[in-house]
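Below is one structure, written out as structure tokens; comments come after it.
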């Protein structure tokens with residue numbers, strides 16, 4: 550039945566191509582304008598994706614200009630106004646040291662986003678490339694990469710991340726490294742599977758006939774083709790990376806106080822929940838939730854934009 | 007052939023619309039057709055003509071974007087267009103059945119084929135649980151599967167493509183439908199299998215008094231097996247005629263173009279092109295009058311070429327019955343290519359013909375130096391290139407002298423490269439031009455040479471049509487001015503009219519650039535048009551070899567005769 554559906558879709562698509570040929574001829578300028586036009590179409594068609602993109606822009610903006618838009622120093626304590634509930638002066642209230650929680654939540658965006666992006670970039674380089682090589686070359690490369698991935702997966706992931714940070718010391722670099730290692734199997738497996746199906750594809754054979762070396766085929770021909778899938782993967786793990794970093798900080802293995810960071814702030818506020826000061830843990834927790842939610846939504850939307858096969 | 011019986015299916019003024027990004031598109035416009043019981047009707051058209059969409063509308067399985075905008079579909083007096091979904095569902099499978107193109111995809115891979123037939127029988131209450139297995143075997147016997155009881159217990163992967171299609175036909179016929187719609191039932195099957203499947207379909211139609219609609223792109227096939235032919239173009243019916251008349255006296259210009267483009271006996275390469283387009287571009291006419299360009303100059307000599315693969319399941323068997331394997335009852339290896347030798351002269355076209363699994367593609371891949379041979383020699387211009395490992399071959403200077411045009415133009419172009427980038431790739435890696443304006447100029451020159459409008463060079467493969475993609479593939483293959491080009495079924499994925507143009511282009515290029523072709527194909531009609539000599543392969547060995555005309559008109563072996571007989575010949 551899948552074959553039938555493909556044909557059914559194909560026939561009107563072909564007809565549409567004929568009708569729109571003249572129009573498309575003019576519209577088709579450079580690759581960039583086409584991509585932008587396509588992105589506009591996807592966003593208009595899918596309001597959820599548009600919402601996710603808006604949210605993402607807001608998060609990035611908070612990370613970039615956070616210090617400029619906050620009224621208080623995130624580290625300055627003011628014992629006179631400690632544990633104040635949300636008000637016009639302190640939108641998110643103040644914590645036990647009188648620090649403004651709104652300022653701290655906004656400024657923490659920078660660190661949390663940095664950790665997420667850096668760890669995702671690192672794991673893409675490690676896992677993505679290792680998986681790519683494993684899928685393409687097969688044999689011993691594949692066995693070694695797959696066994697490494699299996700080994701990592703044999704541990705409960707968060708416990709493994711805890712172990713790595715505990716052993717190497719709790720610095721931002723080590724949190725990034727730990728988050729990257731924990732995500733390694735995910736990237737290695739996806740890249741391996743995608744490279745494997747393309748290993749004998751016609752265009753790879755053609756690249757060999759054109760005199761491309763193996764490395765050039767791998768990076769110049771196969772990698773661009775699996776990038777859409779990898780980008781979706783990256784967006785999805787970004788949410789997990791933020792959660793992981795915050796989780797490590799929450800249990801005291803991550804960033805040290807008094808640095809503003811969502812995980813620590815939730816940890817610090819947790820003790821006050823029982824005595825009724827809910828806002829100390831609630832707002833950083835909500836920020837964390839919104840960020841993770843945003844990245845997960847983004848992943849779905851990105852797939853529609855970056856994958857040329859889905860364009861009609 | 008006057009139709010006296012009232013039509014079983016009557017389609018009147020049918021219009022189907024699809025809602026797409028660029029607005030509403032009419033895939034099918036105002037078409038009329040009807041089928042009577044016992045009749046076989048062919049709907050013929052090229053891709054995008056709306057022939058499949060029409061059948062989906064009849065089955066009411068259009069996808070969500072499509073809808074019947076106007077017209078009526080009447081099946082034995084019942085209005086299908088307005089009928090409730092539950093009512094149509096009970097008709098599907100029981101009264102109207104459908105056969106799809108890829109038989110393997112239509113079968114559940116993890117269920118025995120016998121059980122799949124039983125499922126259908128039970129679902130439509132055609133059999134009771136006590137006698138269902140007997141009925142399933144009967145059905146398998148009806149579609150003439152060899153050893154029906156044995157096949158009953160087989161999984162789809164254990165059966166060949168032709169066998170799978172028979173099982174699918176058995177499934178479709180399980181409830182004795184009154185209307186059978188076969189959508190490209192033999193595309194992807196070998197000619198001999200195609201003949202067997204089509205003979206079976208026609209016979210069953212007559213025997214059971216069904217009506218059959220055959221949807222196909224192959225006018226020859228339609229005319230050979232069907233009573234009436236409906237020709238569709240761009241969503242419209244352009245001609246409806248009795249099969250005999252369609253080849254003899256096509257009335258519509260589009261039908262004439264299709265008839266011309268269909269390769270058949272007694273026509274030349276240039277005859278395939280539409281009237282008026284076969285201009286003087288080709289310097290020397292194809293066919294027997296081809297000049298012998300220094301025929302004694304041997305470009306490629308293949309000697310005792312062998313490719314062995316380890317037989318599947320040997321490892322497992324050896325594990326459990328070690329003695330049995332050691333006793334050597336069965337060979338441990340499978341010989342895909344079993345010691346073949348042939349010669350290709352400079353400026354010559356040689357066709358390598360055979361059915362799927364005969365080793366022709368393995369042979370060409372070895373000659374292409376993409377895989378290593380198990381033994382044997384490949385001498386190219388005197389040098390034993392067979393001795394160079396395939397991995398190292400990619401970057402040697404001799405690489406540029408042997409190039410290839412692939413079977414599937416879509417699959418062989420990198421989806422993320424523009425046409426220009428694809429054509430430039432071999433030049434950048436192996437050529438003298440390293441980039442910039444000269445490279446672009448060379449790409450444009452090549453595009454002009456293969457008849458690809460240069461403004462299409464910035465497009466990605468998914469923005470090009472099948473014929474345009476084929477041209478990009480050809481431009482890439484000739485970019486380095488190779489001596490030998492291997493054509494691996496270069497037109498198998500193309501419509502006939504595009505095939506006609508591409509075949510002519512290949513012939514022109516060969517003469518203009520002095521190349522030699524090794525043409526791998528299963529289609530003897532196409533091979534005949536392009537090749538000086540033909541090699542027929544079967545089970546890894548050469549069965550027959552000789553000058554094209556001799557092999558095709560006076561074959562020496564039974565196998566070649568069988569192949570030739572299986573080609574559908576339209577009634578003349």
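Protein chains in written order, with my numbering: chain A, 550 to 861; chain B, 7 to 578.
Beta carbons: idealized from backbone N, C-alpha and C, even for Gly.
Which of helix, strand or coil does DSSP assign to residue i?
{"i": "residue 433/B", "result": "helix"}
{"i": "residue 595/A", "result": "coil"}
{"i": "residue 113/B", "result": "coil"}
{"i": "residue 409/B", "result": "strand"}
{"i": "residue 606/A", "result": "helix"}
{"i": "residue 823/A", "result": "coil"}
{"i": "residue 374/B", "result": "coil"}
{"i": "residue 261/B", "result": "helix"}
{"i": "residue 132/B", "result": "coil"}
{"i": "residue 102/B", "result": "strand"}
{"i": "residue 641/A", "result": "coil"}
{"i": "residue 390/B", "result": "strand"}
{"i": "residue 652/A", "result": "helix"}
{"i": "residue 841/A", "result": "helix"}
{"i": "residue 340/B", "result": "strand"}
{"i": "residue 848/A", "result": "helix"}
{"i": "residue 710/A", "result": "helix"}
{"i": "residue 547/B", "result": "strand"}
{"i": "residue 77/B", "result": "strand"}
Which one or two residues does DSSP pair with residue i in a beta bridge?
{"i": "residue 277/B", "result": "Answer is none; residue 277/B lacks a bridge partner."}
{"i": "residue 351/B", "result": "304/B"}
{"i": "residue 24/B", "result": "31/B, 72/B"}
{"i": "residue 786/A", "result": "Per DSSP, none; premise fails for residue 786/A."}
{"i": "residue 522/B", "result": "490/B"}
{"i": "residue 40/B", "result": "16/B"}
{"i": "residue 311/B", "result": "346/B"}
{"i": "residue 242/B", "result": "239/B"}
{"i": "residue 359/B", "result": "527/B, 542/B"}
{"i": "residue 552/B", "result": "540/B"}
{"i": "residue 381/B", "result": "312/B"}
{"i": "residue 664/A", "result": "According to DSSP, residue 664/A bridges with nothing at all."}
{"i": "residue 234/B", "result": "47/B, 248/B"}
{"i": "residue 222/B", "result": "50/B"}
Nearest CA to the CA of residue i: which residue from the options?
{"i": "residue 500/B", "options": "485/B, 517/B, 474/B", "result": "474/B"}
{"i": "residue 700/A", "options": "717/A, 732/A, 723/A, 721/A", "result": "732/A"}
{"i": "residue 811/A", "options": "841/A, 764/A, 693/A", "result": "841/A"}
{"i": "residue 348/B", "options": "366/B, 493/B, 566/B, 339/B", "result": "366/B"}
{"i": "residue 421/B", "options": "478/B, 309/B, 251/B, 438/B", "result": "478/B"}
{"i": "residue 802/A", "options": "643/A, 819/A, 722/A", "result": "722/A"}
{"i": "residue 847/A", "options": "584/A, 596/A, 585/A, 635/A", "result": "596/A"}
{"i": "residue 76/B", "options": "67/B, 63/B, 83/B", "result": "63/B"}
{"i": "residue 379/B", "options": "368/B, 540/B, 254/B", "result": "368/B"}
{"i": "residue 20/B", "options": "43/B, 80/B, 12/B", "result": "80/B"}
{"i": "residue 614/A", "options": "632/A, 655/A, 639/A, 718/A", "result": "655/A"}
{"i": "residue 25/B", "options": "541/B, 72/B, 264/B", "result": "72/B"}
{"i": "residue 753/A", "options": "146/B, 497/B, 237/B, 418/B", "result": "418/B"}
{"i": "residue 338/B", "options": "165/B, 316/B, 355/B, 359/B", "result": "316/B"}
{"i": "residue 675/A", "options": "627/A, 706/A, 730/A", "result": "730/A"}
{"i": "residue 657/A", "options": "608/A, 696/A, 769/A", "result": "608/A"}
{"i": "residue 203/B", "options": "525/B, 192/B, 212/B", "result": "192/B"}
Looking at chain A, which residues of the stretch 400–425 of chain B have a Cβ within less than 9 Å of any of its Cβ atoms?
Result list: 400, 401, 402, 405, 406, 408, 409, 410, 412, 413, 414, 415, 416, 417, 418, 419, 420, 421, 422, 423, 424.
Residues in the stretch 122–141 of chain B with C-beta within 7 Å of chain A's C-beta atoms, listed in sequence order?
Taking 7 Å as the Cβ-Cβ cut-off against chain A, none of the residues of the stretch 122–141 of chain B qualify.
Any chance you could list the beta strand (DSSP E) runs of at least 3 consecutive residues sitting entirely within the stretch 420–474 of chain B, in chain order?
Unbroken beta strand (DSSP E) stretches of 3 residues or longer found wholly inside the stretch 420–474 of chain B: none.
Sequence ranges, alpha helix (DSSP H) only - wholly within the stretch 151–199 of chain B, length at least 4
Complete alpha helix (DSSP H) runs here, min 4: 154–158, 167–179.
May I ask you to list, following chain order, the residues of the stretch 652–685 of chain A that have a beta carbon less than 8 Å from some beta carbon of chain B?
Against chain B - using a Cβ distance shorter than 8 Å - the stretch 652–685 of chain A contributes no residues.
Check each residue of the stretch 16–32 of chain B: if its Cβ is closer than 9 Å to any Cβ of chain A, include it; give the result in chain order.
Under the 9 Å Cβ criterion, the stretch 16–32 of chain B contributes 22, 23, 24, 25, 26, 27, 28, 29, 31, 32.
What are the residues of the stretch 427–447 of chain B that lie near chain A, defined by any Cβ-Cβ distance shorter than 7 Å?
Answer set for the stretch 427–447 of chain B: 431, 432, 435, 436.
Beta carbons nearer than 8 Å to chain A: which residues of the stretch 365–398 of chain B have them?
Of all residues in the stretch 365–398 of chain B, the ones placed with a Cβ closer than 8 Å to any Cβ belonging to chain A are 374, 376, 397, in chain order.
What residues in the stretch 473–499 of chain B bring their beta carbon closer than 9 Å to a beta carbon of chain A?
Result list: 479, 482, 483, 485, 486.
Would you mind listing the alpha helix (DSSP H) stretches within the stretch 721–753 of chain A that are 4+ residues and don't spill past its ends, in chain order?
If we require 4 residues or more, the alpha helix (DSSP H) runs fully inside the stretch 721–753 of chain A come out as 721–747.
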